[in-house]
Each structure stands twice: as C-alpha cells, then as structure tokens.
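Structure record follows, encoded as structure tokens.
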Amino acid sequence: MRLIHLSLGSSVLALGLVASASAFAQQAIDTKRLHPKAAEFSFEGPFGTYDRGELQRGYQVYKEVCAACHAVNHLAFHHLDEPGGPEFTEAQAKALATAAKIPAEPNDKGETTDDKGTPLMRSATLADHLPMPFPNENAARANNGNNLPPDLSMIVKAREGGAQYVYSILTGFHEKAPAGFKVTEGKYFNPYFEGWNIGMPPPLNANSVTYSDGTKATIEQQAHDVVTFLAWASEPKMEERKRVGFGVMVFLIALAGLLFAAYKKVWKDVH
Amino acid sequence: MSGPSTYNPNSGIERWLDARLPLPRLLHDTIHTFPTPKNLNIWYTFGGILAFCLGIQIVTGIVLAMHYVANAGLAFDSVESIMRDVNYGWLIRYMHANGASMFFLAVYIHMFRGVYYGSYKAPRELIWIIGVLIYLLMMATAFFGYVLPWGQMSFWGATVITNLFSAIPVVGQHIATWLWGDFAVGDATLNRFFSLHYLLPFIIAGVVGLHIWALHVPGNNNPLGIDVKGPQDTVPFHPYYTVKDAFYLTLFVILFAVFVFYAPDFFGNPDNYQPANPLVTPPDIVPEWYLLPYYAMLRSIPNKLMGVIVMAGAQVTLVFIPWLDTGRVRSCRFRPLMKQFFWVFAVVCVVLGYCGSQSVDAARFGIPLVWVARIATAYYYAFFWLIMPIVGLIETPKKIPASISQSVLGDSAAAPAE
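Chains as they are written, first to last, in our numbering: chain W, 999 to 1269; chain H, 2 to 419.
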C-alpha cells in the first residue's frame, strides 16, 4: 500500500533530529499527503462552466454543514443571484439573507448587547456578507479544540491541488490508518492532508442534508457539490473570464492573420 | 536622434513647430525613416514587445492603485474586492500579475538574444549597460509588487529578501530595520513598498528612453553582427519593422491572453491566496519564477553573506560583459566554439531556476540539488569571467559575409537561415 512509504531521506533526517525512540517510530512513516483523487468538475477546461444545480446544492451543504465552523468572508448575499454563480432568483437570495442573523450595528444608545448581555442581532440584507460562525479567531479555536477552521472563500485557490484536493479531504476520512501510525489525540486520520492528522472531524455523512431536487445525498455527491460551490466562491468571475477570453482570442487570431498578410505584402520586394 | 536628419517640413505649421520644438522631426527620424538592417529576425521584435509590456503594466497598475489599499489590515481584502466587486477588476489584476511574468519572459529572450549576437560589443556597450540597469530596476519593481497583495508568500518573500541585507557585517541589521521602517516586515514596510512600486516604473520608462536613444546612435546590431555598409543594407523602420513588430507582438499577446483568460494562476503560488500571517511560516518560501536562478545561487552557498555576494555578483557581472568578451566578431553564427558554450549557459540558467524551485534538501537521481546548483553557479561565473575572455582569444571565427545585402540577396544557400 502506498501509505506506508518508507523514505530513506526522512528517516535519516529523523535519526539526526529526533531524540526519543517513540517519536522516531512515528517519524519513520512518510506522512506526506497523498496525491488528490482524480475527480472531474464541470468548470474545468476553456469552456467549462459551473453546474447551477451543483452550486445551489453546494450552497445548501455549506450552509447546513460547513457554516457551523467555517466562514466564507468574501461572499455577500447579493453574489448568490448574480450571473455566473448559483443564480438564485433575487427573491430567493433576499429570503436567504433575511433568514440569516448577523451582529447588529450599535443602537441609538451605542449598545451592542441587550440588558442581559446577549449581542444584538438583525436580519441580513443582500448587501451583507454571509454570517461568520465565530466572532474572532480565539472564539473559533476555543470551540474547536484549539484548531482554527480556515475561511473557505478562497480555499480552492489557496491549496495546491485545488478542487481535487478539497474533494479528497472531504471524502478521505474513511481510509484505514496504516499499522504503526498513531493518530494524534483530538485529531482525525486523513491521508490527503499533510501530516495525516487533521483537526476537522469527518464533516459529511450520507444524508447529512436533504436535497429538494431529489438528488441522492451520498458523501461523494455532497462533497462534489460543495467543492463546486467553493470553487465558485474562490473564482466568482470565471465564467465571465472565459467568455471574454474567447472573444479576445478570436479577435487576436484574426488580427494576427491580417498583420501577417500585411507583413508579407510590405516585405515582398526586400528579400 | 543621430545622423543627418531627412525630415522635410512641408506645411506651415510643421515649419513653425520645427523652428521651436522639433518634435515632428524627432518622431520622423526615430520611428519613420530610421534606417534599420533588413535582416533582423524574430528575436529582434522583443524590444518593441518589452515597450508594450511596460505600457500594459503602467496602465493596469494605475487602475489597480485606484482600488488598492496599502494597509496591512486591508490590503489582502482590497485585492479580493478588486477581483470580485470592481467591474472587470479580475481582468485588470490578472493582466498585471501575468503581465509581470510576460515582461520577464520577454526581457530574458531579449537579453539572451543580445548575448548570442554580441549586441553589447563596441559601439553598443552603453546600450547593454543601460539595459542591465533596466533589468535590475524591473526586478526591484517586481519584488515590491509581489509584496502588495499581502498574502503569505508576499509577506514571507519580503521577509526573506529584506533579511538578506542583515548579512552585511556590522550595519546589516540596521539596514534591515531601516528598510522595514519597523523591527519586522509590517504595515510601514507595505506602505513604502507600495510607494516605491508606483515610482520605479516611471524611472524605468525614463531609462528605456536612454536605452532607445543610445540604440539610435549606432543603430541596430543584426544576426550577422556586421556593420551596415550603406543604404542597400537597410530598410526604413516604417513600414517594414512597424508591421513586422506588430505581427509578432500580436502572437506574443495571444500567449499572454492564454494565461490571463485560461490559466491566470499558472505563475502564482496557492499560498498567496492566504492572508499574510507573521506567526505561520509556509513550508517552502519560493520567489516568482523569474528570480529562481538567483535564489538557487543564494541557497547553494552555506554562508549567508557569501551567498548574498554570489547572488549580487551574478547580476553585477552582466555590466562587464562588453569587455569580458574578447571575440573579434559579434555574432555567434560565426563563432562555432562560443555558440556551444552559449547554449550550455542557457541550459545552466534553466537548471538553476529548477533548483531554486525545489525544496532546499531535494535530490534528483540521487544527486542533491544543492550540488547541482553549486556546479551551475560555478559555470555561470565561469561563462563570463573565463570562457568569454579565453574563447575569444583562441577561437577562429568562420568567414563573415562582406555585407548584409550580399548575405540576404546572394548566397542564401551557403548561409542557412537560423
């Protein structure tokens, strides 16, 4: 099996650096992350677009599962009804915003909490960004065993391997840890994560969400949907980019053709 | 700019202007009638391409600066806001980011062309030296620019590079602190880097003016490396080279557009989409591709100060090439021995870049890359300081043609095109 991949280099390094014998046993296994799974996505290739159904289902998975711990700081509710995204109707996006509660601005007395000390909240509008699960990093760590759940706005662009990497993490919890590898206390085994110890508990179960369009909510389906959603969150202008790019390419190639003809005509008598 | 002017003002307003500010005469002589060797090949189109790159970087950069916020707390989010909320902001930013890589791609081709055809040799030494100055300014500008998005690689790249100055004995640490404006890379550093990133391109534009001015005194070198003997060897710049440059520029822009529209993050590093975090060091800090050969040299030397000296020396060496090359003819077309060393040198530069991109303890085929980088660094220096002077003295050049027109019209079978 690929998991137990003894590397001469790392064990020599470990010999030199690690004093305790038990630590050495842990170091002897190369815990370099596995190559991501070869998942395929609708948005790949020069003409690929985001699958609307996947985006809308992916938003549901994000909201009902991921949003418990992860923010998507750079997404606002108005992005949800813009072209090239999930393309909810404006009414749907408004309803989603209204249902979300975010910290209210200080009231007329300058207070941000009510008499009992509970923070004042209000409904979001289309202009608001999606709510954050924790007010700050310390609160996030305190609720997650000192692990910091990263913001997911750019997770697909901010990781080597991109969409395939995030997909592999989400579906990679079910492989057995090889003999000799001890999972760190409070962590979970995931061979697609560097070091194999991941702070995130397995987030998806079959039927974690109930899709309204009748799609069967397997782990793979949910992972595929939410990764598509996160890819859009990372690169919301991708469809516009590829569309403009096609026009630019056609123009440039035609221009090059004309210039080549002009070049040959002008130089005809020189050589 | 030089030589007898052929401008003939034939309207009242042109005569009036010519007696006061002869701008039409300048333009007429430099981009219209300027006599240009008629045998320039594709590699000579990169000068015009570079002017285009500088223009693109300045125009897109000015627009980006309208939306960018040079503040350590806001910079990262302001760049993302450009990508998401500014109309066509993604296009402007991807053009600017990929434009930097295209600029360096073009400048490296331009420089290797200069070395291959001996364009730095008399009487063009100053053109070359001014060009080296432009290249150094470009690297500084690119470095400052890479810091501005304030991602992880921005921050840690800035930390690594500015820390190089601390290797200088006695005053090094003070210089680093002075550069930072603080005791570490932070908000003050970001602000001054933004200021300098905005300033330097205009200095580059000025120095490019000198580069072109100096070029227009002796005129272009050419692939044969022989002097222009008379009008039969040249064509007017316009329309011959305007149309040829425009065609090849368009091909270059097609390549540029492939990256901008279909692989905008090809040259980027995923870590730079994570906000700068002074508490978390990325496992591998790598500069942009165009600085990798120097990075490999730096890391191949165990002593930090020596590493910095070797790296800086590699750049300073370029200034002396016009006098290190003792060859009697300019073009490598007629230098069978030098041509081989040149191609080895080109490969060595790519190998150095590869070594710089890999982690410091990496090995390939059982050979530690740090040793590959050491040997490659040695060849880099040897190429300029030993091979150039010695080969020039011992080599017997092939017979050079009597003139450009003879070569172009006469024996096309005898001198195969390259």
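From the three backbone atoms N, C-alpha and C, an ideal C-beta is built for every residue, glycine too.
- Message: If I measure Cβ to Cβ from threonine 163 of chain H and keep anything under 7 Å in the same chain, skipping five residues before and after, which residues do I get?
- Response: Here residue 163 of chain H is taken as the residue at index 162 of the second sequence, counted from 1. Counting only Cβ-Cβ distances below 7 Å, and skipping sequence neighbours, we find Ala177, Leu180, Trp181, Val186.
- Message: If contacts are defined as beta-carbon pairs under 8 Å, then phenylalanine 346 of chain H and phenylalanine 384 of chain H qualify, I think. What distance do you get, rounded to the angstrom?
- Response: By 1-based counting over the second sequence, the position of residue 346 of chain H is 345. By 1-based counting over the second sequence, the position of residue 384 of chain H is 383. Phenylalanine 346 of chain H to phenylalanine 384 of chain H, Cβ: 5 Å. Contact.
- Message: Helix, strand or coil for alanine 71 of chain H? Go by DSSP, reduced to three states.
- Response: The count along the second sequence starts at 1 and reaches residue 71 of chain H at position 70. DSSP places alanine 71 of chain H in coil when its eight states are reduced to three.
- Query: Is the Cβ-Cβ distance between phenylalanine 1039 of chain W and alanine 1161 of chain W less than 7 Å?
  - Reply: To locate residue 1039 of chain W, count along the first sequence from 1; it is residue 41. To locate residue 1161 of chain W, count along the first sequence from 1; it is residue 163. Cβ distance < 7 Å, so phenylalanine 1039 of chain W and alanine 1161 of chain W count as in contact.
- Message: Between methionine 1152 of chain W and chain H, is the shortest Cβ-Cβ distance under 7 Å, so that the two count as touching?
- Response: If you number the first sequence from 1, residue 1152 of chain W lands on position 154. Chain H, which has a Cβ nearer than 7 Å to the Cβ of methionine 1152 of chain W, makes this yes.
- Item | Distance CB(leucine 293 of chain H)-CB(glycine 357 of chain H) smaller than 7 Å | Taking the second sequence and counting its residues from 1, the one referred to as residue 293 of chain H is at position 292. Taking the second sequence and counting its residues from 1, the one referred to as residue 357 of chain H is at position 356. Going by C-beta atoms, leucine 293 of chain H is nearer than 7 Å to glycine 357 of chain H.
- Message: If contacts are defined as beta-carbon pairs under 8 Å, then isoleucine 93 of chain H and threonine 61 of chain H qualify, I think. What distance do you get, rounded to the angstrom?
- Response: Taking the second sequence and counting its residues from 1, the one referred to as residue 93 of chain H is at position 92. Taking the second sequence and counting its residues from 1, the one referred to as residue 61 of chain H is at position 60. Indeed they touch by this definition, with Cβ atoms about 5 Å apart.
- Query: Which residues bound the alpha helix (DSSP H) around arginine 300 of chain H?
  - Reply: For the purposes of this step, residue 300 of chain H is taken as residue 299 along the second sequence, with counting starting at 1. Residues 293-301.
- Sort out for me which residues DSSP pairs histidine 1127 of chain W with in a bridge. Indexing the first sequence from 1 puts residue 1127 of chain W at position 129. W:Ala1074, per the DSSP bridge assignment.
- Query: Are the C-beta atoms of proline 1044 of chain W and some chain H residue less than 7 Å apart?
  - Reply: By one-based count along the first sequence, residue 1044 of chain W stands at place 46. So, interface residue.
- Message: So, for asparagine 1145 of chain W: in the same chain, excluding its five sequence neighbours on each side, which residues have a beta-carbon less than 6 Å away from its beta-carbon?
- Response: Stepping through the first sequence from its first residue, residue 1145 of chain W is reached at position 147. Correct list, in chain order: Gly1197.
- Task: Tell me arginine 365 of chain H's beta-bridge partners as DSSP assigns them.
- Result: On the second sequence, residue 365 of chain H is found 364 positions in, with the first residue counted as 1. Partner(s): H:Ile368.
- Query: Where DSSP assigns a beta bridge to methionine 112 of chain H, which residues make up the other side?
  - Reply: The count along the second sequence starts at 1 and reaches residue 112 of chain H at position 111. DSSP lists no partner for methionine 112 of chain H.
- Between the Cα of isoleucine 1217 of chain W and the Cα atoms of W:His1068, W:Val1225, W:Lys1061, W:Asn1205, which residue gives the shortest distance? For the purposes of this step, residue 1217 of chain W is identified with residue 219 of the first sequence, where counting begins at 1. It is W:Asn1205.
- Starting from the C-beta of glutamate 1192 of chain W, find all residues in its chain whose C-beta is less than 6 Å away, skip the five residues before and the five after it, and write them out in chain order. Residue mapping note: residue 1192 of chain W aligns to position 194 of the first sequence, counting from 1. Result list for glutamate 1192 of chain W: Arg1031, in chain order.
- Task: Determine which residues share a DSSP beta bridge with serine 1121 of chain W and list them.
- Result: Residue numbering aside, residue 1121 of chain W sits at position 123 when the first sequence is read from its first letter. In DSSP, serine 1121 of chain W forms a bridge with W:Lys1099.
- Query: Going along chain H in order, which residues have a C-beta closer than 8 Å to the C-beta of alanine 1254 of chain W?
  - Reply: For the purposes of this step, residue 1254 of chain W is taken as the residue at position 256 of the first sequence. Within chain H, the residues near alanine 1254 of chain W are Phe248, Thr251, Leu252, Ile255.
- Message: So, with DSSP's three-state summary, where would you put valine 281 of chain H?
- Response: Stepping through the second sequence from its first residue, residue 281 of chain H is reached at position 280. In this structure, valine 281 of chain H counts as coil in the three-state DSSP scheme.
- Buried/exposed call for tryptophan 324 of chain H, threshold 16 Cβ in 10 Å: By one-based count along the second sequence, residue 324 of chain H stands at place 323. With fewer than 16 other Cβ atoms within 10 Å, it is exposed.
- Task: Assign glutamate 1103 of chain W to buried or exposed, taking buried as 16 or more other Cβ atoms, counted over all protein chains shown, within 10 Å of its Cβ.
- Result: Counting from 1 along the first sequence, the entry for residue 1103 of chain W is found at position 105. With fewer than 16 Cβ atoms within 10 Å of its Cβ, glutamate 1103 of chain W is classed as exposed.
- Message: With three or more C-beta pairs closer than 8 Å as the rule, is the segment 277-287 of chain H touching the segment 78-88 of chain H?
- Response: no
- Message: Taking CB distances under 7 Å as the criterion, tell me whether proline 36 of chain H reaches chain W.
- Response: If you number the second sequence from 1, residue 36 of chain H lands on position 35. It does not: the Cβ of proline 36 of chain H has no partner Cβ on chain W nearer than 7 Å.
- Task: Please name the residue in H:Ala123, H:Pro369, H:Pro279 whose C-alpha comes closest to that of tyrosine 355 of chain H.
- Result: Your numbering for residue 355 of chain H matches position 354 in the second sequence. Residue H:Pro369 is the option with its Cα nearest to tyrosine 355 of chain H.
- Return the residue from the list W:Ala1221, W:Ala1177, W:Pro1176, W:Ala1137 that minimises the CA-CA distance to valine 1164 of chain W. The residue you call residue 1164 of chain W lines up with position 166 of the first sequence. The option with the nearest alpha carbon to valine 1164 of chain W is W:Ala1221.
- Message: Less than 7 Å between the C-beta atoms of phenylalanine 194 of chain H and valine 148 of chain H, yes or no?
- Response: In the second sequence, the residue the question calls residue 194 of chain H occupies position 193. In the second sequence, the residue the question calls residue 148 of chain H occupies position 147. Cβ atoms of phenylalanine 194 of chain H and valine 148 of chain H: closer than 7 Å.
- Item | Best match in H:Ile405, H:Val311, H:Ile401, H:Lys340 for proximity to alanine 379 of chain H [C-alpha to C-alpha] | Indexing the second sequence from 1 puts residue 379 of chain H at position 378. Comparing Cα positions, the closest option is H:Val311.
- Message: Within the continuous alpha helix (DSSP H) that includes valine 1164 of chain W, where are the two ends?
- Response: Locating residue 1164 of chain W in the first sequence gives position 166, where the first residue counts as 1. 1160-1169 is the extent of the alpha helix (DSSP H) around valine 1164 of chain W.
- Query: Which chain W residues sit within Cβ distance under 9 Å of valine 244 of chain H?
  - Reply: The residue labelled residue 244 of chain H in the question sits at position 243 within the second sequence. Leu1257, Ala1260, Tyr1261, Lys1263, Val1264, Trp1265, listed in chain order.
- Query: Taking Cβ positions, are leucine 1253 of chain W and threonine 251 of chain H nearer each other than 7 Å?
  - Reply: Stepping through the first sequence from its first residue, residue 1253 of chain W is reached at position 255. Stepping through the second sequence from its first residue, residue 251 of chain H is reached at position 250. A contact, by the Cβ cut-off of 7 Å.
- Taking C-alpha atoms, which residue in H:Asp19, H:Val281, H:Trp151 lies nearest to alanine 71 of chain H? Here residue 71 of chain H refers to the residue found at position 70 when the second sequence is read from its first residue. Cα-wise, what sits closest to alanine 71 of chain H is H:Trp151.
- Per-residue burial, serine 1232 of chain W [other beta carbons within 10 Å of its own, 16 or more giving buried]: Numbered from its first residue, the first sequence carries residue 1232 of chain W at position 234. Its Cβ being crowded by 16 or more others within 10 Å, serine 1232 of chain W is buried.
- Message: Quick check: leucine 306 of chain H and alanine 189 of chain H, are their CB atoms within less than 7 Å of each other?
- Response: Numbered from 1 along the second sequence, position 305 holds the residue referred to as residue 306 of chain H. Numbered from 1 along the second sequence, position 188 holds the residue referred to as residue 189 of chain H. No, the pair does not count as a contact, with Cβ atoms beyond the cut-off.
- Query: For arginine 300 of chain H, which residues of its own chain have a beta-carbon under 6 Å away from its beta-carbon, when the five flanking residues on both sides are left out?
  - Reply: The residue you call residue 300 of chain H lines up with position 299 of the second sequence. Closer than 6 Å at the Cβ level, and outside the excluded window around arginine 300 of chain H, lie Val361.
- Under the three-state reduction of DSSP, which class applies to glycine 152 of chain H: helix, strand or coil? Residue mapping note: residue 152 of chain H aligns to position 151 of the second sequence, counting from 1. Residue state, collapsed to three classes: strand.
- What three-state label does DSSP hand asparagine 1195 of chain W in the structure shown? Reading the first sequence from its first residue, position 197 is the one you call residue 1195 of chain W. Strand, per DSSP.
- Query: Beta-carbon separation of proline 1069 of chain W and aspartate 1149 of chain W under 7 Å?
  - Reply: The residue given as residue 1069 of chain W occupies position 71 in the first sequence. The residue given as residue 1149 of chain W occupies position 151 in the first sequence. Residue 1069 of chain W is actually alanine in this sequence, not proline. Yes, these two residues count as a Cβ contact at 7 Å.
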